[in-house]
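Read the structure below first, then the notes.
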Amino acid sequence: MTPPLVEMKGMSVSFGGVHAVEDVTVDLFPGEIHALVGGNGAGKSTLIKTLSGAQRPDSGAIYIDGNPVHIDGPIDAKRFGVETIYQTLALADNIDAPGNVFLGRELTTRIGNLDDSAMEAATRKLMARLNPSFQNFKSPVASLSGGQRQSVAIARAVHFNARILIMDEPTAALGPAETEQVRRLIRQLKEEGLGILLISHDIHDVFDLADRISVMYQGRLVGTVQKDDVTLDQVLAMIILGKEPGEVTEAELEELHG
Amino acid sequence: MKRNRYLIALIAVLAMLIAACGGDGGGSDTTEGPDTTTASPDTTEGPTETTEDMTGTTAAGGGDITVGVSWNNFNEPRWANFDKPAIIEALDAAGAAYIETDAGSSAEQQLTDVENLISQGADVLIILAQDGTAILPAVQSALDQGIPVIAYDRLIENPETLYITFDNIGVGTLMAEVIYGLVPEGNYAIIKGNQADANADFLREGMEVVIGDAVTAGDITIVCEEYTDNWDGAIAQTTMEQCLTDNNDDIDAALVENDGMASGVVAALAGVGLDGQIPVSGQDGDTAALNRVALGTQTVSVWKDARLLGKAAGEAAVQLAQGAALGDVAGVIDFESPGGNTMTTILLDPTPITQDNLNLVLDAGWIDEATLCQNVESGSVEACP
Amino acid sequence: MSVTEETKADEARRTEGETEQAAGLLRGLWALIRRGVGSLELDTRLLGMIVGLLVIWVGFHFWSGGTFFTPRNLWNLTVQTSVVAIMATGMVLIIVSRNIDLSVGSMLGFIGMFMALLQAEWLPQWIGFDQWYTWIIVMAAGVVLGAILGFLQGAIIAYAAVPSFIVTLGGLLIWRGLAWVLASGRTIAPMDSTFQLLGGGARGSVGGTISWIIGIAACVGIVLLLVSRRRTRVRYEFRVRPMWADVALMVLGCAVVLGAVWFLNRYFMPEGLAMAYAEEHGLEWPEGGLEIPFGIANPVLIAIGTALVMTFIATRRRFGRYVFSIGGNPEAAALGGIKTKRTIVLTFMLMGILVAIASGVQIARLNSATSGLGTLQELYVIAAAVIGGTSLAGGIGTIFGAVLGALVMQSLQSGMVLVGIETALQDVVVGVVLILAVAVDVAYRRRQST
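Chains as they are written, first to last, in the numbering used here: chain A, -18 to 239; chain B, 26 to 410; chain C, 2 to 451.
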């Protein structure tokens, strides 16, 4: 068996004595969507930030393709093929779509000038693949719709041959049509062989998209399950009670439904 | 990495501090002498120092007289370099002793300073007030003890003090007299100082005394008259440029209220090749302005010779110590103060410096010949051989 | 209904019809113009500002009885604007990155005083007065000092996270104080004779011929820029403007540049200067005198050059893109891997360098340095940037707009002196215009975004 694309072993992060993430281990395979779920403050975002380079872990190790790596900042993460789509999308609203796609990694001409045309051309090509209806390449992204902005953020992530894609609440701010469009996009990327770490509050999103589901509860990992092995209720129980399916008593389940 | 950032920030803060302190040090360097003679603010020890060459000179019957001088701030070089030696010289001549304190720009400190001077046995006080109102209690207490007080350069609103200063309204008159003497009729530009500064209007009043009639008679036309924010030379330059544009260069004289603005006016004139051809006034005796006077691009800089002020104060102090009443001191007149008091006052005339009397500033040591004569064609004026 | 009434009604109908027709025609024409201007793809905001500027000029022209819109006055105006314009180009980047620099006026005073002392008192001890290279040493030293001061402020802002408002407010006090300390309040003059040329005047201008050469070069530059831009877009198969629109832009650009050169070249030296010039250049002095144009003044060239370089940095270099992205969304910039702190420090260093250049121009123009040099300039510089469309919320602003903003303000000030408005009222007018300009800008943006 091929080694997992990413392995995060024993990750811990604490903020001033509060354990935001405590000894969490997860992995991700190519062409897999691995959903990370849990209530508010369960530590999902903090955990993925250690992979995207936005947060340094206190302890734990990250392996990519089986090799231990040290991720020091967003640039480092990108070098290992880890791209992140934040819930806020992290777009510079005053800059146009190509500028955002290449933010921090601008294409330049030989003498170091920005090559806006090359960036626009590349963005047009990307969008033709991701979202053919996208046509607004010259306006600041502030003037785009939520779905279009999401496309820009995704385009930025996939353009640089990302192998590991972290998506933090990708459909949170979208209408039904746009949500469907983004889901289609996520499946398309999975088909292309990317490994996707999906964080979502939307349990339907998760059941629709994910292959495996990891549940976090108060900074700890409750467990990782194959989507096909569990029911929605069981996952909900894990999220709310913080216990694996086998450990949950009938009474607790009753209470949950009551 | 994080620690690194703090380090950079820390270094930057330190560098700014050092820059600030270093600068300060540089500033006080120019005041050389005083630091040895300055009473440290919080001590009440004896007389700080008596001028050395004083000892033994007991001529002119001033033998037992001690004159106490309370300076407000020695960081401004003028007081130490010009006023203080002039006072000492005048006291020496009368055989009187000199003691001093420096309040370091603190009005509270100056109250203590005055008490110290009295307890050190001062027979007369010369006070350069940091704050003419705050000092009043100390002045009253001195007067109650029979110690006469001279208000030096800055008004103290107590009619029993003797006020010695330059005639500020006269400055405007003096500059106008020089310019009017050269240009009795024609177009005048008047560049005034900051609108919020009463001096700007005093100066303008003084000018009116000289040119008022000619303006009424139509001999003189005031084609531009503008205030200048902050007495800023750069703004004065723009004003003058616009004035020249508006009048198609047809301007015959410029009455400018100080030397800093005169530098802007002369630069504006130079822009159209009229520098040196149109009389320009100024005041302060700035070294740059005196150089322009020597070059001929500025006509006059009205100069207040600090030594005259010091001399007058020293002589008046001796007279008062010998028992003269305020009104008996030589050269006094009555002066209506802004506070409504009738002050006994010695008003000194400032000196208009033109090409003909540049030697005055040279002899006074106010400026050295190299600075005065920079770029001046040798022999073109008497002061630059 | 009487006959006369009928005819009247008829007439009314007819005229109504005619008016309607005329209105229809006008609407059609207007639509055509709008579409035409639309295909030029010009920034309508900037166009609005230019129209505003022209209104101010024409207004003052009539008010002043015909002295405003003259070569001489506009020539003066360009020189008077240059100092604020140079600094405003840097202030745009500072404000775009969500910071502010209140210290530029004081810094101008401090660096100006330093540069003045360097050439008038310190250097002459070693190399004597009026060496040909004095100005280079002085400018270089000033620029280094400016960069250091900018670095100090920027480092504290970026790394110690002290708000720029506070740091530069401190700077405002510190640099002003140090300017005083440097010279104990003296005025330092005169400046080095070569250095003075930076400030303009008859010698500090390039003359008629070189002005034309510069104008033509600029014209060629405009054409080349548009051609190369069009080529690139064609190569990438992007949509291009209609050919006529590109040609129209070239013609328009060249017309503006060459027209400006022609107009400014109509400002001739007054007789005295012209005579001196003729004598110096061995020209015969004819009966009617000589018409020798000043040509573009050096400070104006410096300001234009600065604006071009800054525009290049802001729009064509990574650094500029980073500054804008920080202003748009600092978090996104950081997550994009941009070294935001370093970028902020660099903007402040750049600002310091621009202040040094402006100091050089200012003291050269004034031919002296006074301790109050640059007082309140920070407000004019910030106002120029803001009038020019820089948003204090960050992320939005153009160099060209800021230069235009500086020109608007100086036009108001110079114009008001020309027509003899009281000083106190001048400040009132400038203040009102500042608020108005920003109000219009905000309203415009709001309309655009809906």
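Quick reminder that beta carbons are idealized off the backbone N, C-alpha and C, glycines included.
The structure displayed is predicted, hence computed values, not measured ones.
What distance in whole Å lies between the Cβ atoms of residue j and residue i, which are believed to be in contact at a cut-off of 8 Å?
{"i": "V145 of chain C", "j": "T399 of chain C", "result": "V145 of chain C to T399 of chain C, Cβ: 29 Å. No contact."}
{"i": "L345 of chain B", "j": "P184 of chain B", "result": "The pair is not a contact, with the Cβ atoms about 15 Å apart (cut-off 8 Å)."}
{"i": "A407 of chain C", "j": "V85 of chain C", "result": "5 Å"}
{"i": "V241 of chain C", "j": "V235 of chain C", "result": "6 Å"}
{"i": "E379 of chain C", "j": "L103 of chain C", "result": "5 Å"}
{"i": "A319 of chain B", "j": "V406 of chain B", "result": "5 Å"}
{"i": "R201 of chain A", "j": "E64 of chain A", "result": "About 27 Å separates the two Cβ atoms, so there is no contact after all."}
{"i": "G321 of chain B", "j": "A277 of chain C", "result": "At roughly 16 Å, the Cβ-Cβ gap does not stay under 8 Å, so G321 of chain B and A277 of chain C are not in contact."}
Report yes if the CB atom of residue i is closer than 9 Å to the CB atom of residue j, and no otherwise.
{"i": "A370 of chain C", "j": "M114 of chain C", "result": "yes"}
{"i": "G361 of chain C", "j": "L199 of chain C", "result": "yes"}
{"i": "D149 of chain A", "j": "I45 of chain A", "result": "no"}
{"i": "L199 of chain B", "j": "D374 of chain B", "result": "yes"}
{"i": "G310 of chain B", "j": "P110 of chain B", "result": "no"}
{"i": "E(-12) of chain A", "j": "L17 of chain A", "result": "no"}
{"i": "V410 of chain C", "j": "Y381 of chain C", "result": "A small fix is needed here, since residue 410 of chain C is Met in this sequence, not Val. Yes; because the gap between Cβ atoms is below 9 Å, this pair is in contact."}
{"i": "Y205 of chain B", "j": "D277 of chain B", "result": "no"}
{"i": "P157 of chain A", "j": "I135 of chain A", "result": "no"}
{"i": "D274 of chain B", "j": "P271 of chain C", "result": "yes"}
Looking at C-alpha atoms only, which residue of the options is the closest neighbour of residue i?
{"i": "L367 of chain C", "options": "C:E21, C:L118, C:E332 and C:G201", "result": "C:G201"}
{"i": "F115 of chain A", "options": "A:E87, A:E159 and A:T152", "result": "A:E159"}
{"i": "L280 of chain B", "options": "B:T312, B:S326, B:V401 and B:N384", "result": "B:S326"}
{"i": "N81 of chain A", "options": "A:D57, A:G62, A:L32 and A:E101", "result": "A:E101"}
{"i": "L351 of chain B", "options": "B:A389, B:Y188 and B:S405", "result": "B:Y188"}
{"i": "A256 of chain C", "options": "C:H282, C:W213, C:L274 and C:T348", "result": "C:W213"}
{"i": "Q199 of chain A", "options": "A:G223, A:K106 and A:I135", "result": "A:G223"}
{"i": "A180 of chain C", "options": "C:M417, C:R448, C:G395 and C:G373", "result": "C:G373"}
{"i": "I157 of chain C", "options": "C:K342, C:M270, C:G402 and C:L226", "result": "C:K342"}
{"i": "G306 of chain C", "options": "C:I87, C:G25 and C:A148", "result": "C:I87"}
{"i": "D39 of chain A", "options": "A:E225, A:E231, A:G(-2) and A:V7", "result": "A:G(-2)"}
{"i": "R322 of chain C", "options": "A:R86, A:I52, A:Q215 and A:T27", "result": "A:R86"}
{"i": "P300 of chain C", "options": "C:N330, C:V80, C:G337 and C:V228", "result": "C:V80"}
{"i": "L107 of chain A", "options": "A:H51, A:P79 and A:I177", "result": "A:P79"}
{"i": "G106 of chain C", "options": "C:G375, C:A334, C:E332 and C:I217", "result": "C:G375"}
{"i": "F264 of chain C", "options": "C:M276, C:L393 and C:L78", "result": "C:L78"}
{"i": "V418 of chain C", "options": "B:S95, B:E230 and B:T263", "result": "B:T263"}
{"i": "S288 of chain B", "options": "B:M265, B:D274 and B:L269", "result": "B:M265"}
Which chain B residues sit within Cβ distance under 8 Å of residue i?
{"i": "P271 of chain C", "result": "D274, V297, G298 and L299"}
{"i": "L424 of chain C", "result": "At residue 424 of chain C the sequence reads Thr, which differs from the Leu that was named. What T424 of chain C touches in chain B: Q220, E251, Y252, T253 and D254."}
{"i": "Q363 of chain C", "result": "A259"}
{"i": "Q81 of chain C", "result": "T263 and E266"}
Any heavy atom of the ligand ADP closer than 8 Å to the beta-carbon of residue i?
{"i": "S405 of chain B", "result": "With respect to the ligand ADP, the structure offers nothing, as it holds no ligand at all."}
What in chain A is Cβ-close to residue i, meaning under 7 Å?
{"i": "T233 of chain C", "result": "S98"}
{"i": "R322 of chain C", "result": "G80, E87 and L95"}
Which residues in chain C sit within 7 Å of residue i, going by Cβ to Cβ distance?
{"i": "L72 of chain A", "result": "N330 and A333"}
{"i": "A102 of chain A", "result": "Y237"}
{"i": "N75 of chain A", "result": "F325, G328, G329, G396 and I397"}
Note down, in chain order, every chain C residue with its Cβ under 8 Å from the Cβ of residue i.
{"i": "S288 of chain B", "result": "T188, A190, L367, N368, S369 and T371"}
{"i": "T270 of chain B", "result": "T68, T71, R73, N74, N77 and L419"}
{"i": "K106 of chain A", "result": "Result: empty, since nearest Cβ-Cβ is about 10 Å, beyond 8 Å."}
{"i": "N97 of chain B", "result": "Under the 8 Å cutoff, chain C gives no residues; its nearest Cβ is about 16 Å from N97 of chain B."}
{"i": "I147 of chain A", "result": "Within 8 Å Cβ-Cβ: nothing; I147 of chain A doesn't reach chain C, min ~11 Å."}
Give the residues of chain B in contact with residue i, contact being defined as C-beta atoms less than 9 Å apart.
{"i": "L374 of chain C", "result": "D257, G258 and A259"}
Who are the neighbours of residue i on chain A, taking C-beta pairs under 8 Å?
{"i": "S98 of chain C", "result": "Simply none; closest approach about 11 Å."}
Continuous alpha helix (DSSP H) assignments of at least 4 residues falling wholly in the region 7 to 39 of chain A: As far as the region 7 to 39 of chain A is concerned, its whole alpha helix (DSSP H) runs of at least 4 residues are 25 to 33.
Fully enclosed by the region 303 to 327 of chain B, which alpha helix (DSSP H) runs are 4 residues long or longer? Qualifying alpha helix (DSSP H) stretches, in chain order: 312 to 320.
Could you name each continuous beta strand (DSSP E) segment of 3 residues or more that falls completely within the region 164 to 234 of chain C, going from the start of the chain to the end? Qualifying beta strand (DSSP E) stretches: none in this window.
Segments of 3+ residues assigned as beta strand (DSSP E) that fall wholly inside the region 196 to 284 of chain B: Segments of the beta strand (DSSP E) lying fully in the region 196 to 284 of chain B: 211 to 216, 245 to 251 and 278 to 281.
So within the region 43 to 94 of chain C, which uninterrupted alpha helix (DSSP H) runs reach at least 4 residues, ignoring any that extend past its ends? Segments of the alpha helix (DSSP H) lying fully in the region 43 to 94 of chain C: 45 to 64.
Ranges of the beta strand (DSSP E) found wholly within the region 159 to 203 of chain A, counting only runs of at least 3: 176 to 180 and 193 to 198, all fully within the region 159 to 203 of chain A.
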